[in-house]
Amino acid sequence: MADARISELPVASALAAADIAPFVQGSGTAAQTRRATFAQITAGVHAERMFHVRDYGAVGNGTTDDAAAIQAAINAASAAGGGTVRLGPRRYRVVASDITVLENVCLEGPTTFPGGQRAAADYRGIPGTLVIDPARTVRVMRAATLRAMTLSRDGLGAPPTNLRAGVTLRAAMAGTAVTIGDGSGSQHDVLVEDLLILGFNLAIRSDNSQRLSVRRVRGDNQNGIYLTRTYDVTRIHEVHFWPFLTGNISNVSLAQAGVAGVANNGSGLVRITCTGAHGLVTGDLVNTYGISGVPANGLYIATVVDATRVDLQGSTFSGTWTGGGNVAIWNNRRTGTAFRVEDSDVAEFVSCFAYGYRTGFDLGNGAQSIQLSNCSVDDLLSLKDPTTVGALIQGTAFRTKWVGGFISSMSTAIRVNSSAPNQGDNQFVGVMVGGDGAGRAVEVLDGGLTLVACDLPAARVFLASTGDSLSVVASDTRSATFQGQTNADLARIVLVGNRLQALGSSPDQERALLRRRSATLGGDLDIENQDGNVTYSLSIGAGALAPLEIAGDSTNNPNGGVVFGPDAGMTAPMTVTLRRRSTAPAANDAIGRLAFNGNNTTGTETSFARAGGVSEAVMAGAEAGAFVVETRNGATLAERFRIGPTGTVTLTGPLVLPADPTTSSQAASKGYVDAQFTSRRLPVVGTSAATPLTLAAHHARVVSANAGTTLSIDWTATGDGFTCLVVNRTGADLAVTMTGFTGTTPTNPDGLTRIRPDGLATLLAFSPDGGTTRLLLLSGAAAP
89 MADARISELP VASALAAADI APFVQGSGTA AQTRRATFAQ ITAGVHAERM FHVRDYGAVG
149 NGTTDDAAAI QAAINAASAA GGGTVRLGPR RYRVVASDIT VLENVCLEGP TTFPGGQRAA
209 ADYRGIPGTL VIDPARTVRV MRAATLRAMT LSRDGLGAPP TNLRAGVTLR AAMAGTAVTI
269 GDGSGSQHDV LVEDLLILGF NLAIRSDNSQ RLSVRRVRGD NQNGIYLTRT YDVTRIHEVH
329 FWPFLTGNIS NVSLAQAGVA GVANNGSGLV RITCTGAHGL VTGDLVNTYG ISGVPANGLY
389 IATVVDATRV DLQGSTFSGT WTGGGNVAIW NNRRTGTAFR VEDSDVAEFV SCFAYGYRTG
449 FDLGNGAQSI QLSNCSVDDL LSLKDPTTVG ALIQGTAFRT KWVGGFISSM STAIRVNSSA
509 PNQGDNQFVG VMVGGDGAGR AVEVLDGGLT LVACDLPAAR VFLASTGDSL SVVASDTRSA
569 TFQGQTNADL ARIVLVGNRL QALGSSPDQE RALLRRRSAT LGGDLDIENQ DGNVTYSLSI
629 GAGALAPLEI AGDSTNNPNG GVVFGPDAGM TAPMTVTLRR RSTAPAANDA IGRLAFNGNN
689 TTGTETSFAR AGGVSEAVMA GAEAGAFVVE TRNGATLAER FRIGPTGTVT LTGPLVLPAD
749 PTTSSQAASK GYVDAQFTSR RLPVVGTSAA TPLTLAAHHA RVVSANAGTT LSIDWTATGD
809 GFTCLVVNRT GADLAVTMTG FTGTTPTNPD GLTRIRPDGL ATLLAFSPDG GTTRLLLLSG
869 AAAP
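As numbered in the numbering used here, the sequence shown has no gaps in its residue numbers, which increase by one up to the final residue, 872.
1) Which residue from Gly335, Tyr180, Ile187, Asn586 puts its Cα closest to that of leucine 251?
2) If you draw a straight line from the C-alpha of glycine 535 to the C-alpha of threonine 554, how long is it?
3) Would leucine 400 and isoleucine 360 be called neighbours here (beta carbons separated by less than 8 Å)?
4) Rank Leu283, Arg206, Pro222, Ala207 by C-alpha distance to the C-alpha of asparagine 195 and give the top, closest one.
5) Please specify which runs of the beta strand (DSSP E), each continuous and at least 3 residues long, are wholly inside the segment 308-393, giving them in chain order.
6) Can you name the start and end residues of the alpha helix (DSSP H) that alanine 576 belongs to?
7) In three-state terms, what does DSSP make of histidine 140?
8) Thinking just about the alpha-carbon of each residue, which of Ser240, Ala546, Arg181, Val340 is nearest to the one in threonine 249?
9) Have a look at leucine 558 and arginine 580 and give me their C-alpha separation to the nearest angstrom.
10) Taking the beta strand (DSSP E) that leucine 469 belongs to, which residues open and close that run?
11) Taking alanine 124 as the reference, which of Asp107, Thr264, Met662, Gly273 has the closest Cα?
12) Identify, in the order they occur along the chain, each residue of the same chain with its Cβ nearer than 8 Å to the Cβ of glycine 349, setting aside the five sequence neighbours on each side.
13) Under the three-state reduction of DSSP, which class applies to valine 434: helix, strand or coil?
14) Just the C-alpha distance for aspartate 808 and aspartate 802, rounded to the nearest angstrom, thanks.
15) Can you give me the Cβ contacts of leucine 286 inside the same chain, cut-off strictly under 8 Å, excluding the 5 residues immediately before and after it?
16) Go through its chain and collect everything with a Cβ distance to proline 872's Cβ below 6 Å, but skip five positions before and after it.
17) Should methionine 261 go down as buried or exposed, given a rule of 16 or more other Cβ atoms within 10 Å for buried?
18) Is arginine 789 helix, strand or coil when you go by DSSP?
19) Taking the alpha carbon of valine 560 as the reference point, which residue from Asn575, Ala576, Thr574, Val532 has its own alpha carbon closest?
20) Using CA atoms only, rank isn't needed, just tell me which of Arg503, Ala508, Phe570 is closest to glycine 483.
21) Just to confirm my understanding: we take aspartate 186, look at its own chain, exclude 5 residues before and 5 after, and list those with CB closer than 6 Å. What are they?
22) If distances are taken between C-alpha atoms only, which option among Leu342, Asn685, Cys542, Ala291 comes closest to glycine 518?
23) Since glycine 732 and alanine 714 are thought to touch, with beta carbons under 8 Å apart, how far apart are those beta carbons, to the nearest angstrom?
24) Can you check which of these residues, Ser272, Thr835, Gly169, Tyr377, is closest to valine 415 by C-alpha distance?
25) With distance defined between alpha-carbon atoms, name the residue in Leu315, Leu451, Asp450, Thr500 nearest to leucine 469.
26) For arginine 179, which of Thr217, Thr738, Arg817, Met498 has the nearest alpha-carbon?
27) Quick one: what's glutamine 571 bridged to in DSSP?
28) Closest to arginine 604 by CA distance: which of Ile615, Phe437, Ala568 is it?
29) Return the Cβ separation of serine 563 and glycine 522 in integer angstroms, given the expectation that the two are a contact with Cβ distance under 8 Å.
30) Comparing alpha-carbon positions, which option in Thr233, Thr850, Val773, Thr425 lies nearest alanine 291?
31) Looking at C-alpha atoms only, which residue of Lys489, Phe550, Pro845 is the closest neighbour of valine 540?
32) What are the boundary residues of the beta strand (DSSP E) that includes glutamine 482?
33) With a threshold of 16 other CB atoms inside 10 Å of the CB of threonine 608, please say whether the residue is buried or exposed.
34) What are the complete alpha helix (DSSP H) segments, minimum 4 residues, inside the segment 205-269?
35) So what does DSSP say about isoleucine 458, is it helix, strand or coil?
36) Put tryptophan 490 into one of helix, strand or coil per three-state DSSP.
Given below as structure tokens:
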């Protein structure tokens, strides 16, 4: 080209690595103009500075496979002795191969921390994202670092907008996002921090890598972190697993339908009819809860019958639906484990959290002395999912130390099922252990557990026969209940210094206190027999003034009795005193009562009789008392018998003796006495109104039926052998109305049924065959 000034040259549109430019080296007389490529110039400028994936061909458009370019940048940094490889604010797709972050290399994004939840759950625009095929992983080797980026599974698209899209998203979670080392046992001291990991089956996997540090990670994956063979302390800090991809999205996060009916499907399964279209397909995993009368609450695979009906696979129908219930798909459920540890020594978890996972923390075989500080697990309590566990200590795990945090809304908050040969105990200190889930909040099936300064709201705490030990110390047990596989196992639970523990001390330490069982029930003291079975209890029921109850156990000893006094050595009778020491005593106060209670036909407890003492006079020096017996007749308890202060006996009803006397000292009935004195005149009973004839008032008497008298007779009031004379002074024929007899009119040889005016007639009620035939004989002045 012709000579021209530099300012006259055309502007270069883009520079390629192989472009050649003049380059002046030296100064003064030593200055020489030489040629150099653009790559030579930038290499000199960037020497010992960070490497950028763009310089190695990475496009970052979200569709081009940038795996080779990113790996080339990492390899270049490694060849230079180490360094930082930077992603731009783009989306880099990784398909053809894994990304391996080599020793002394840091692969980082363009921001310090991508954070977690995005508006409307849309994560497509986060700068510095690796979009990874689920068959690939980012492998981080010895002394390497991965930080400040988002790792998203390839195939994640727009946020789900309906129930089915949410189900599909969860089912598509696959692959492992980050792999620590290669399992050889030579790749240690890795740092992973400030990541957002979305859509994989497993977020981070570490096997046989020591001194791993994971910090400030957010993620939504089917499983979170899985550690094995980490024998030199692994540190996991501020890791938060939450359903970022489906959470808080209307019609996606939680889709449910009310229950309109529950029935047998004809094959013994539970069939649910919903109040509207359920939107399910066969194979969906559904939660059912709030259903009454039928054992159908739980987690089931659904078989769709039609738009409103589903059958629950594996269910067994029984009972009768009495109302309520919901069928739900919770798309925030992650069916895996948030944190899983095996064959690890003293791994450290600090301020970690999991929500929506079937298992929060799984400490399995060889998990020794795992340390957890301020870690927490949560779930959706209303679902009552029976499969969720907050902290699972199993296999040969032992000496777990969990301090602070909470475990809430799980079916089981803590389950210890460890067969560690050294029987090392596990301790939870200052943890809120939530109850009211579908299962027992705390259960020790094998191994040992100690809870110290924990809150146990509505928690059921259980010790199995195979459990080594269970101790609860200085904890809030006000609404907790304790259970054992057997009564002997229940007795093995050690309770020390707990808030409102059953047995405690008064504030002045002078008295023992048997505290209330709950906010609605008083204290309960159960007493075992020689076989270790609870056979008696001393308790206070519901109500502020509920009485003290002493009873045999309703299952083991329902008819148990109470004995006062020792079985030998007594020289005087025992006195049982019922007293009423009133500050204002008054005459006729009831001093004490014995009530005799039982159930009526509707199961209502009823007082049938009472006996007690009454203070008839309370003046000092002139006190007088009486003994009173009351009995129930219908709705009323009334006094029937009283022995007064002078010995006077008052009986409000007739005295009926079972038989005539056989000795001279016995009481006798009136009929017996009358038969002994044949010259005794007949008593006369005058009547002038409606008069029912009775054994007590009219037997062996003359009834003077004056004007206005009508007569009636009831077999139950007279019985076999009743007789009386009737003088009719009414001025008209007098009929007798009969009840309970074989006929409706008196028997008379002439067929007469009434008594003539001014006549004398005899009435005799009797049975010729022992009660089957009941007759009233009329003789004397009879009329038709």
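Cβ coordinates follow ideal geometry from the N, Cα and C atoms, glycine included. Note that this is a predicted model, so its numbers are computed, not measured.
To lay it out plainly:
1) Start at 1 with the first residue of the sequence shown, and residue 251 comes out as number 163. Closest option to leucine 251, Cα to Cα, is Gly335.
2) Mapped onto the sequence shown, residue 535 falls at position 447. Mapped onto the sequence shown, residue 554 falls at position 466. Rounded to the nearest angstrom, the two C-alpha atoms are 8 Å apart.
3) Position 312 of the sequence shown, counted from the first residue, corresponds to residue 400. Position 272 of the sequence shown, counted from the first residue, corresponds to residue 360. Taking 8 Å as the Cβ cut-off, leucine 400 and isoleucine 360 qualify as a contacting pair.
4) Numbered from 1 along the sequence shown, position 107 holds the residue referred to as residue 195. The residue asked about is misnamed: residue 195 is leucine in this sequence, not asparagine. Closest option to leucine 195, Cα to Cα, is Leu283.
5) 311-318, 323-329, 342-352, 358-362, 373-377, 386-392
6) As a working mapping, residue 576 is identified with position 488 in the sequence shown. Where alanine 576 is concerned, the enclosing alpha helix (DSSP H) stretches over 575-580.
7) In the sequence shown, counting from the first residue as 1, residue 140 sits at position 52. The answer is strand: DSSP assigns histidine 140 an E or B state.
8) Here the question's residue 249 lines up with position 161 in the sequence shown. Selected option, being the one with the closest Cα: Val340.
9) Position 470 of the sequence shown holds residue 558. Position 492 of the sequence shown holds residue 580. Cα-Cα distance, rounded: 7 Å.
10) Here residue 469 is taken as the residue at index 381 of the sequence shown, counted from 1. First-last for leucine 469: undefined, no H or E at that position.
11) In the sequence shown, counting from the first residue as 1, residue 124 sits at position 36. The residue with the shortest Cα to Cα distance from alanine 124 is Asp107.
12) Here residue 349 refers to the residue found at position 261 of the sequence shown. Cβ within range, chain order: Ile360, Thr361, Trp409.
13) Walking along the sequence shown from the start, residue 434 turns up at place 346. It is coil, neither helix nor strand.
14) Within the sequence shown, the letter at position 720 stands for residue 808. Within the sequence shown, the letter at position 714 stands for residue 802. Taking the straight line from one Cα to the other gives about 11 Å.
15) In the sequence shown, the residue the question calls residue 286 occupies position 198. So the qualifying residues of the chain are Tyr211, Thr238, Leu239, Ser240, Arg241, Leu244, Gly307, Asp308, Asn309, Phe332, Leu333.
16) Mapped onto the sequence shown, residue 872 falls at position 784. Closer than 6 Å at Cβ, skipping near neighbours: Leu840.
17) Numbered from 1 along the sequence shown, position 173 holds the residue referred to as residue 261. So methionine 261 ends up on the buried side.
18) The residue you call residue 789 lines up with position 701 of the sequence shown. In this structure, arginine 789 counts as coil in the three-state DSSP scheme.
19) Walking along the sequence shown from the start, residue 560 turns up at place 472. Checked all of Asn575, Ala576, Thr574, Val532; the closest Cα to valine 560 is Val532.
20) Numbered from its first residue, the sequence shown carries residue 483 at position 395. When only C-alpha atoms are compared, the closest one is Ala508.
21) Indexing the sequence shown from 1 puts residue 186 at position 98. Hits under 6 Å: Arg224, Thr225, Arg227.
22) Within the sequence shown, numbered from 1, the residue matching residue 518 stands at position 430. For the residues Leu342, Asn685, Cys542, Ala291, the minimum Cα distance to glycine 518 belongs to Cys542.
23) What you label residue 732 is simply residue 644 of the sequence shown in a count that begins at 1. What you label residue 714 is simply residue 626 of the sequence shown in a count that begins at 1. That pair is a contact at about 5 Å.
24) For the purposes of this step, residue 415 is taken as the residue at position 327 of the sequence shown. If we check each option's Cα against that of valine 415, Tyr377 comes out closest.
25) To locate residue 469, count along the sequence shown from 1; it is residue 381. Checking every option, the nearest Cα to that of leucine 469 belongs to Thr500.
26) Taking the sequence shown and counting its residues from 1, one reaches residue 179 at position 91. Of Thr217, Thr738, Arg817, Met498, the residue nearest in Cα terms is Thr217.
27) What you label residue 571 is simply residue 483 of the sequence shown in a count that begins at 1. Paired residue(s): Phe550.
28) Here residue 604 is taken as the residue at index 516 of the sequence shown, counted from 1. Closest option to arginine 604, Cα to Cα, is Ala568.
29) Within the sequence shown, the letter at position 475 stands for residue 563. Within the sequence shown, the letter at position 434 stands for residue 522. Not a contact, Cβ separation roughly 13 Å.
30) Numbered from 1 along the sequence shown, position 203 holds the residue referred to as residue 291. Comparing Cα positions, the closest option is Thr425.
31) By one-based count along the sequence shown, residue 540 stands at place 452. Minimum Cα distance to valine 540 is reached at Lys489.
32) Within the sequence shown, residue 482 is the residue found at index 394, counting from 1. Unbroken beta strand (DSSP E) run through glutamine 482: 477-483.
33) Within the sequence shown, the letter at position 520 stands for residue 608. By the 10 Å Cβ count, threonine 608 comes out exposed.
34) 251-259
35) By one-based count along the sequence shown, residue 458 stands at place 370. Three-state DSSP puts isoleucine 458 in coil, outside helix and strand.
36) Within the sequence shown, residue 490 is the residue found at index 402, counting from 1. Of the three classes helix, strand and coil, the one that applies to tryptophan 490 here is strand, per DSSP.
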